[in-house]
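Everything on this sheet refers to the single structure shown next.
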Amino acid sequence: MQKLLGNLNRGLFFIMSAPSGTGKTTLTRMLTDEFDCVIESVSFTTRKPRKEEIEGVDYFFVSVEEFEKKIKNDEFLEYAKVFDHYYGTSKKFVEQKLSEKKHVVLVIDTQGAMKLKGKIDATYIFISPPSIGELKTRMNIRNDQTDAEIEKRLEWANKEMKRIYDYDYNVTNIDLDIAYAALKSVFIAEEHKIINLKNWR
Numbered sequence: 009m010q011k012l013l014g015n016l017n018r019g020l021f022f023i024m025s026a027p028s029g030t031g032k033t034t035l036t037r038m039l040t041d042e043f044d045c046v047i048e049s050v051s052f053t054t055r056k057p058r059k060e061e062i063e064g065v066d067y068f069f070v071s072v073e074e075f076e077k078k079i080k081n082d083e084f085l086e087y088a089k090v091f092d093h094y095y096g097t098s099k100k101f102v103e104q105k106l107s108e109k110k111h112v113v114l115v116i117d118t119q120g121a122m123k124l125k126g127k128i129d130a131t132y133i134f135i136s137p138p139s140i141g142e143l144k145t146r147m148n149i150r151n152d153q154t155d156a157e158i159e160k161r162l163e164w165a166n167k168e169m170k171r172i173y174d175y176d177y178n179v180t181n182i183d184l185d186i187a188y189a190a191l192k193s194v195f196i197a198e199e200h201k202i203i204n205l206k207n208w209r
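Residue 9 is where the sequence shown starts when you use the numbering used here, and the numbers rise one by one after that.
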């Protein structure tokens, strides 16, 4: 039976970037909650877990030594060092999920996305805030970062925003429900591309 999403014999790969505080985590979770065929890629990281994070769900938390061993063994699609911590995407994890007919969403910064651009068959999506001023307001409301951390992240956000034209789609998150509807439409459209007809069940 045809479904709104999840009609392919092999999943599609979506790469999503956004400055901190734009709602990318919420939007991704909305997708995975509505569609069983959509999952978020679980990255490896060397940073310490936050109190609400779960091993194997949010990240695979490893030591610097373990991470660098994986680098030597060429186990990552991409990896980067951001804010003094390593983050990396497992080749094995992504390939396994795509073969299980899952659409995989990889949420990474622009640095990691640009390493994959042109090398990996994927759809690139940027989630942008209404403005840098609004982004700062959202960060202050979260109240989980110092003023210095906020300024550092805003500086990084400005750099990321300059890469927006390297992506296939932009979704501006002014209203969460509208942003989600726009994001969902991207996934549906990509599945219905002519090039993917051969993969329909």
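Glycine included, every Cβ here is placed at the ideal spot set by N, Cα and C.
Q.
Less than 6 Å between C-beta atoms, sequence neighbours within five positions excluded: which residues of the same chain meet that for glycine 120?
A. Glu86, Ala88
Q) Do methionine 38 and tyrosine 188 come within 8 Å of each other at the CB atom, strictly closer than that value? A) yes
Q) Would you say threonine 97 and phenylalanine 75 are within 8 Å of each other, going by their C-beta atoms? A) no
Q: Report the option in Met9, Lys11, Asn17 whose CA atom is closest to the CA atom of glutamate 108.
A: Asn17
Q) Which value, in whole angstroms, describes the spacing of the CA atoms of histidine 111 and aspartate 185? A) 21 Å
Q) Can you tell me where the beta strand (DSSP E) with glutamate 48 in it begins and where it stops? A) 46 to 48
Q: Rank Val70, Glu103, Leu106 by C-alpha distance to the C-alpha of histidine 93 and give the top, closest one.
A: Val70
**Q.** Bridge-paired residues (DSSP) for isoleucine 186
**A.** None; isoleucine 186 has no bridge partner.
Q.
Are the CB atoms of isoleucine 133 and valine 65 within a distance shorter than 8 Å?
A. no
Q. If threonine 118 and arginine 171 are in contact, beta carbons under 8 Å, what's the gap, nearest whole angstrom?
A. 4 Å
Q | Span of the beta strand (DSSP E), counted from its first residue to its last, around glycine 96 | A | 93 to 98
Q: Just mark threonine 36 as buried or exposed, buried being the case when its beta carbon has 16 or more other beta carbons within 10 Å.
A: buried
Q. Where does serine 193 sit, in a helix, a strand or coil, going by DSSP?
A. helix
(Q) Is the separation between the beta-carbon of leucine 124 and that of serine 49 shorter than 8 Å? (A) no
Q. What is the rounded straight-line gap between the Cα of threonine 34 and the Cα of glutamate 42?
A. 12 Å
(Q) Assuming the contact rule is C-beta atoms closer than 8 Å, serine 136 and alanine 26 should be a hit. Round their C-beta distance to whole Å, please. (A) 7 Å
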